[in-house]
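Remarks on the structure that follows.
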Amino acid sequence: MAFEGLAERLQHTIDKMKSRGKVTEKDVKEMMREVRLALLEADVNFKVVKKFVNDVKERAVGQEVMKSLTPGQQVIKVVNDELTKLMGGEQSKIAHAQKPPTVVMMVGLQGAGKTTTTAKLANHLRKHHNRQPMMVACDIYRPAAIDQLETLGKELNMPVFSMGDKEKAVNIATKAIEQAKEDHRDYVLIDTAGRLHVDEALMNELVEIKEAVNPDEILLVVDAMTGQDAVNVAESFHESLGITGVVLTKLDGDTRGGAALSVKAVTGTPIKFAGMGEKIDQLEPFHPDRMASRILGMGDVLSLIEKAQTSVDETRARELEEKMRTADITFDDFLEQLAQVRNMGPLDELLAMIPGANKKLLKNVQVDESHIGRIEAIVRSMTSEEKQNPSILNASRKRRIAKGSGTSIQDVNRLLKQFEEMKKMMKQMTSMQKGKKKRKGGFQLPFM
Amino acid sequence: MSFFKRLKEKFTEQTDAVTEKFKEGLTKTRDSFVGRMNELFAKYRTVDEDFFEELEEVLISADVGVTTVLELIEELKDEVRLKNVKETKDIGPIISEKLAEKLDKTGEDAHLNMQEDALTIILFVGVNGVGKTTTIGKLAHRFKEEGKHVVLAAGDTFRAGAIEQLEVWGERVGVDVVKQTSGSDPAAVMYDAIHSARAKRADVLLCDTAGRLQNKVNLMKELEKVKRVIAREVPNAPHEVLLVLDATTGQNALSQAKTFREATDVSGIVLTKLDGTAKGGIVLAIRNELDIPVKFVGLGEGVEDLKPFDANQFVYGLFQELIEEETANE
Ligand SMILES: Nc1nc2c(ncn2[C@@H]2O[C@H](COP(=O)(O)OP(=O)(O)OP(=O)(O)O)[C@@H](O)[C@H]2O)c(=O)[nH]1
Ligand SMILES: [Mg+2]
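Below is the structure:
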């Protein structure tokens, strides 16, 4: 990750104010300077940041500090609460028309990810809501945009309505709705061409389509990496079309995604989905609270815990938590974790969600899934004594392990080093977590 | 001669369609940016802390990036002290001079490493949707206009419709495209393309790759492999590795530049979508922190909409109104 998170930034200030029982104005001012920088680095629009910082200042000063928190943490809590509020309280749902078909229009800048998102959404509606969507290819400008949607349609075995690139987009959209009614499709997803919000002619094309098909939902697709310009884009699209929601794409990247906050602040419409990868099933409902902590750089604890809970045995996890706390983890635990982690999904995705797991902590623990098999082989070649107590591994033992696992001594050494790094990291993380806001079920982090 | 005068003179020497197009592309940028600067100057008479704070905001709103902005502000403060500047209107020239200086570190920004009498290979890399394929189409057109024989390699074998998209560009521009089926190994496509380009005695081979987010370790490894295969077939190739960046991107562009450079030794940047309202200020931060030059800018979706980057033009575009005011007064 490119930037240190707020937690890290604030550590210094927090350390200084540990012993006090009330949050003073000076504390807040100092911390707000850091909050401001963190938000700006996260690409939140500067106007949005300004207003936010002022609001929080007012709320934070003079607060009694909660028992379980230090004054510094108290301020972070206020910041996080406010940010979550601003992001929107809860998850929101996609529209559903009384009389089918429900018409959804996808709009946005070039390269934002509209076509992919259209297919993902169609898949989502069918898979999770038992709907029968039809996709419509209205991008008549970008070379092979229609091919792209048709290919995705084939992959999904889902109908795509297209009339080539010679017909006007508004005509395609209109015909598509007729077709959908005839075919009893209950959702119509209209993919439109990417365009600049300052391109009047093309913005008018969207208005025409809107007037012709009367959509139940107009989703603005926004690249999560967008910078300060996100407000201009969102404002313009909203003004011309009255968007009803936002889809944030490419959130599987390492951007903080401050654009989410900007867009939410200027349009007031909810962010409904998040694109989490290039594969067609990598679309997830958007969680405003998690986004708040991501923007702040405090890690997505909740996502991690949720993910972990679905695939990890609870009591075993508690034991591990204890071990982690004391950094008393062995290669046996490691092996077990490896297996469990594999069930949870891509490792880098998981690691990115760990609080404090930013560049500093993760630099030496780079995860490359193609290496996991090798790691497993190495650990399996250890005797149980070695697994419990890796410090006894001398040169000849290492040679034997390398031979047994079909790897090299360097590989073995690398793993041992990583293992030590990991223990160190766990120690750091658990100490970071201690005293922080209590979470349901305590803190669990069985990631490796 | 003042800095602005020099800038303007240098600029009017090349008042051609290029400049016009560039200015047109930057109009929106300039209007809002300079508009804010003027607002700024009207609001504050004297150069004080409040003034700098506001200035900081103006630069941040252009996506320049906090670190670079803070650094820039510090330098400006020093300069203001040194030159004893008291009034805000006198600080405009200092600001733009600083920016131009930062963008113009090496002097030969837009220069491409072209091979004489041999195949020049240019590899395009970047995250999803930034404009790699489109830029290849536009650049192929440029080279063709120069009388060069161009071949395109359809190295994006992953995204649906990517090969077809490049083929449409090939037809549009009138150049050959070497492709394999969707899903095949991109390194193998490059191998094929190199041999085919050589057989055709082509001058330039432009290699498209699939968009990938820089934090995907495996995909970055794949890209390293693509580059390795090219280098194995042609020593010293690829002769340029161009990272395509979307001007709308915020601070993540820095992370993109860092990681793509680590993987593929990026030699230059193409900054696309400058025809929107995004200011692309992040290239300042990238130049500042990583010293990667911008070689081209994308100013639209048409074949002609790719122009060599010129730091003076860039700054001129940002501060055009201020510049005109000043030279009019002289
Ligand atoms: N306005 C504008 N649009 C551009 C510019 N460059 C590219 N585009 C558009 O941006 C969209 C994405 O461009 P592509 O060339 O497909 O991007 P890519 O990087 O190849 O995308 P992937 O292969 O999907 O990663 C297309 O709609 C292009 O027409 C530009 O300079 N200005
Ligand atoms: Mg492409």
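Chains as they are written, first to last, in the UniProt record's numbering: chain W, 1 to 448; chain Z, 1 to 330. Note that the Cβ used here is the ideal one computed from N, Cα and C, for glycine as well. Note that the coordinates shown come from a computational prediction; the quantities given were computed from them, not determined experimentally.
DSSP places E167 of chain W in the coil class of the three-state scheme, outside both helix and strand. Of all residues in the stretch 47-59 of chain Z, only E57 come within less than 8 Å of chain W when Cβ atoms are compared, listed by chain position. Between H195 of chain Z and the set Z:A153, Z:T67, Z:V175, the nearest pair of CA atoms involves Z:A153.
K279 of chain Z sits close to A247 of chain Z, with the two beta carbons spaced by under 9 Å. Of the residues assessed, H184 of chain W falls on the exposed side of the cut-off, its CB having fewer than 16 other CB atoms within 10 angstroms.
For L213 of chain Z, the chain W residues whose C-beta falls within less than 7 Å of its own C-beta are K250, D252, G253, listed in chain order. The three-state reading of DSSP puts I329 of chain W in coil, since its state is none of H, G, I, E or B.
Within the stretch 192-213 of chain W, the residues whose Cβ lies closer than 9 Å to some Cβ of chain Z are G194, L196, H197, V198, D199, listed in chain order. Exclusion of the five residues before and after Q228 of chain W leaves N45 as the residues of its chain whose Cβ lies within less than 6 Å of its Cβ. The stretch 236-246 of chain W makes no contact with the stretch 197-206 of chain Z; the number of CB pairs closer than 8 Å stays below 3. With a threshold of 8 Å, the Cβ atom of A162 of chain Z counts as near ligand 2, since some heavy atom of the ligand is closer than that.
Beta-bridge partners assigned by DSSP to T68 of chain Z: none are found. In the three-state reduction of the DSSP assignment, M135 of chain W falls in the strand class, which pools E and B. At the C-beta level, Q110 of chain W and G147 of chain Z stay beyond 9 Å of one another.
In this structure, A162 of chain Z sits near A144 of chain W, with a CB-CB distance shorter than 9 Å. Under DSSP, M106 of chain W shares a beta bridge with W:D191, W:L219. What I282 of chain Z touches in chain W, judged by beta-carbon distance under 8 Å, is G227, going in chain order.
Following the DSSP letters along the chain, one finds E90 of chain W in no alpha helix (DSSP H), marked with neither H nor E. Linking N128 of chain Z to F334 of chain W through their CA atoms gives a straight-line distance of about 35 Å. Distance check between E420 of chain W and each of W:M382, W:V247, W:T330 places W:T330 closest, using alpha-carbon atoms only.
For S182 of chain Z, a Cβ of chain W is located within less than 9 Å of the residue's own Cβ. Using a CB distance below 8 Å, the part of the stretch 97-111 of chain W facing chain Z consists of L109, Q110, G111, ordered along the chain. For L125 of chain W, the nearest beta carbon of chain Z is not closer than 9 Å to its own beta carbon. Not one heavy atom of ligand 1 falls within 8 Å of the beta-carbon of V189 of chain Z. Beta-bridge annotation (DSSP): I269 of chain Z is paired with Z:L243, Z:V294.
Between V150 of chain Z and the set Z:L119, Z:F158, Z:T157, Z:R159, the nearest pair of CA atoms involves Z:L119. It is roughly 57 Å from the alpha-carbon of D48 of chain Z to the alpha-carbon of A187 of chain Z. Close to chain W, meaning a Cβ-Cβ distance shorter than 8 Å, are the following residues of the stretch 248-278 of chain Z: T248, T249, G250, Q251, N252, A253, L254, S255, K258, K273, D275, G276, T277, A278. About 11 Å separates the CB atoms of L248 of chain W and G108 of chain W; that is not less than 8 Å, and the two are not in contact. In this chain, K89 of chain Z is not harboured by any alpha helix (DSSP H), its DSSP state being neither H nor E. Taking 8 Å as the upper bound for CB-CB distance, G137 of chain Z and V173 of chain Z are in contact here, some 6 Å apart. The nearest non-hydrogen atom of ligand 2 is 8 Å or more from the C-beta of L245 of chain Z. Pairing D139 of chain W with I209 of chain W, the inter-Cα distance amounts to about 12 Å.
Between ligand 1 and D147 of chain W, a heavy atom-to-CB distance of less than 8 Å is absent. Judged by DSSP in its simplified three-state form, T117 of chain W adopts helix. Of all residues in the stretch 133-152 of chain W, the ones placed with a Cβ closer than 9 Å to any Cβ belonging to chain Z are Y141, R142, P143, A144, A145, I146, D147, Q148, L149, E150, T151, L152, in chain order.
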